[in-house]
Amino acid sequence: MKAILIIGDGMADRPLKELEGKTPLEATEKPFLDELAKSGICGIIDPISPGFPPGSDVATLALLGYDALKVYTGRGALEAVGSGIEVLPTDIAFRCNFATVDKDLVVVDRRAGRIATEDAAKLTEDIQKAVSEEEFEADVLFKNTVEHRAILRLRGPELSNMVSSSDPAYVGRRVQKIMPLDDTLQAARTAKIANKLMTFFHEILKNHEVNEKRKEKGLLPANIVLFRSAGKLPDLTPLTLKYGIRPAVICALPLIRGVCKLAGMKPILVEGATGTYATNVMAKAKAAVKALESYDFVLVHVKGTDLASHDGKVSKKMEMIVKIDGLVSYILENTDPEETYIAVTADHTTSIATGEHEGDPVPIVLRGPYVRTDDVAEFGERACAKGGLGRIRGKDLMPILMNFLGKVKKYGA
Ligand SMILES: [Zn+2]
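Following this note's numbering, the residues of the sequence shown are numbered contiguously, the last one being 419.
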């Protein structure tokens, strides 16, 4: 037996006036998702607990069966791992932004005009070179990823992830001093090193030739690096050990890929999978079916539904739901129904109306040879609430799936 879990990021939503009181999921024609609901069992999930709005990293940890609030140790390290950077248990990683500030360190643009990856790479190279010639109280690795994004990893003894961010989060505010968030020596030490690095990076960047050229072209200079979301590795028992399975993940987002890698899942890279509206969902579907030949459990993550909600774009969200329906159709057609469990859910609700993650539950459907079907015939927030799975927590999902795969050990005599 095999299982495939499809997660539409932020796919669940609230009823919208412009959809005559329906949610985007309810208002979209999605015959294959509805087919799953008809032939499977449905329910709703509180990713963490009722009313609690989680980030995608926390929600994914929960959907993989972890006690997310206990194991979560900040986003930085997860994103670093997902970006292919080695992180040791004693390391601290920040996710960083190249940004633009004025002479008073007031933020003009938090993404340096979404600087091209090429330009960011040149700046990164010089920063890393200068850093390696200087003494800091920790080993420093700085690496750009895509556009304005980068990772800073500190390695050494006595470091802590309990430090604040230097990103003021809004344009027009001054860059923040990084502060310790508890009274340990480690946090104070980490904050001190990070502040020193911030200034050091700024000195390199402010008159850098790449920035001079950018200014000549009318582009914003990337004259500062903002350090955000300090994190360290969470202590996770990998799924391989917990359930004795071979798990894999198909996901374009470094953050979610990082979570899954730490859960012992093999990341499968798919060409055309971008984490944007333009992502090639069919390529993901094909890769997922192929992965099922070698892996017991395959997670497929699609980001666009969440993006659309943050952007407040109803039609984009509905388009992404249609794409997910296409993914389901391919999987239904190309897997053996006697051998495959298929589950579809969202990691959290992202409301088009508020543009934010919300604490409302999300729908879940599960189809497979031995599930007890129910009378639900539609995949949607309200329809699934009437289903046979009832209302479960995010961390209940993995045991439910793994039980069908015969991977949950009996407890007791
Ligand atoms: Zn989101």
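Here a beta-carbon is modelled for each residue, glycine too, at the ideal position from N, C-alpha and C. All values derive from a computational prediction rather than experimental measurement.
Contacting residues, own chain, Cβ-Cβ under 6 Å from Asp331 (five flanking each side not counted) = As a first step, residue 331 is located in the sequence shown; it is residue number 325 there, counting from the start. Lys36, Phe38, Leu39, listed in sequence order.
task = Can you give me the Cβ contacts of Gln192 inside the same chain, cut-off strictly under 7 Å, excluding the 5 residues immediately before and after it?
result = One-based indexing of the sequence shown puts residue 192 at position 186. So the list reads Glu164, Leu165, Ser166, once near-sequence residues are dropped.
task = For ligand 1, list every residue whose C-beta falls under 6 Å from any of its heavy atoms, going in chain order.
result = Gly16, Ser62, Asp312, His316, Thr356, His363
message = Let's test the definition: count the other Cβ atoms within 10 Å of the Cβ of Pro53 and tell me whether it reaches 16, buried, or not, exposed.
response = Within the sequence shown, numbered from 1, the residue matching residue 53 stands at position 47. Answer is buried; the Cβ neighbour count reaches 16.
request  = Quickly, what does DSSP pair Phe100 with across the bridge? List them, please.
outcome  = Taking the first residue of the sequence shown as 1, we reach residue 100 at position 94. For Phe100, which the question treats as bridged, DSSP gives the partners Leu158.
Check whether Ala122 and Phe104 have beta carbons under 8 Å apart = The sequence position of residue 122 within the sequence shown is 116, counting from 1. The sequence position of residue 104 within the sequence shown is 98, counting from 1. No. Outside cutoff.
query = DSSP state of Thr123, grouped into three classes?
reply = In the sequence shown, the residue the question calls residue 123 occupies position 117. It is helical.
message = Can you tell me whether Asp353 is helix, strand or coil according to DSSP?
response = Here residue 353 corresponds to residue number 347 of the sequence shown, with the count starting at 1. Asp353: coil per DSSP, three-state reduction.
request  = Over the uninterrupted alpha helix (DSSP H) stretch that includes Asn217, give me the two end residues.
outcome  = Position 211 of the sequence shown, counting from 1, holds the residue named residue 217. Counting along the chain, the alpha helix (DSSP H) containing Asn217 begins and ends at 215 to 222.
query = Would you call the CB atoms of Ala294 and Ile256 closer than 8 Å?
reply = Sequence index remark: in the sequence shown, residue 294 carries index 288 (1-based). Sequence index remark: in the sequence shown, residue 256 carries index 250 (1-based). Cβ distance < 8 Å, so Ala294 and Ile256 count as in contact.
ask   = According to the neighbour-count rule (16 or more other Cβ atoms, all chains shown, within 10 Å of its Cβ), is Ala383 buried or exposed?
value = As a position in the sequence shown, residue 383 is number 377, starting the count at 1. So Ala383 counts as exposed.
key: Reference Ala228; option with closest CA among Val276, Leu84, Glu209, Leu70   = Taking the first residue of the sequence shown as position 1, residue 228 is located at position 222. Checking every option, the nearest Cα to that of Ala228 belongs to Glu209.
query = Which residues in the same chain as Leu211 place their Cβ atom closer than 7 Å to its Cβ, once the five residues preceding and following it in sequence are excluded?
reply = Mapped onto the sequence shown, residue 211 falls at position 205. If we look at Leu211 and ignore the five residues flanking it on each side, its Cβ neighbours are Leu129, Asn217, Ala228, Asn229, Ile230.
query = Measuring CA to CA, which of Arg161, Ile327, Leu338 is closest to Leu6?
reply = Here the chain comprises residues numbered 7 to 419, so residue 6 is not present and cannot be evaluated.
ask   = Can you tell which of Gly14, Glu140, Ala33 has its C-alpha closest to the C-alpha of Val320?
value = As a working note, residue 320 is residue 314 in the sequence shown. Nearest option by C-alpha distance: Ala33.
Beta-carbon contacts of Asp110 that lie in its chain and below 8 Å, excluding the five residues immediately before and after = Along the sequence shown, one-based indexing puts residue 110 at 104. Cβ neighbours of Asp110 beyond the five flanking positions: Arg180.
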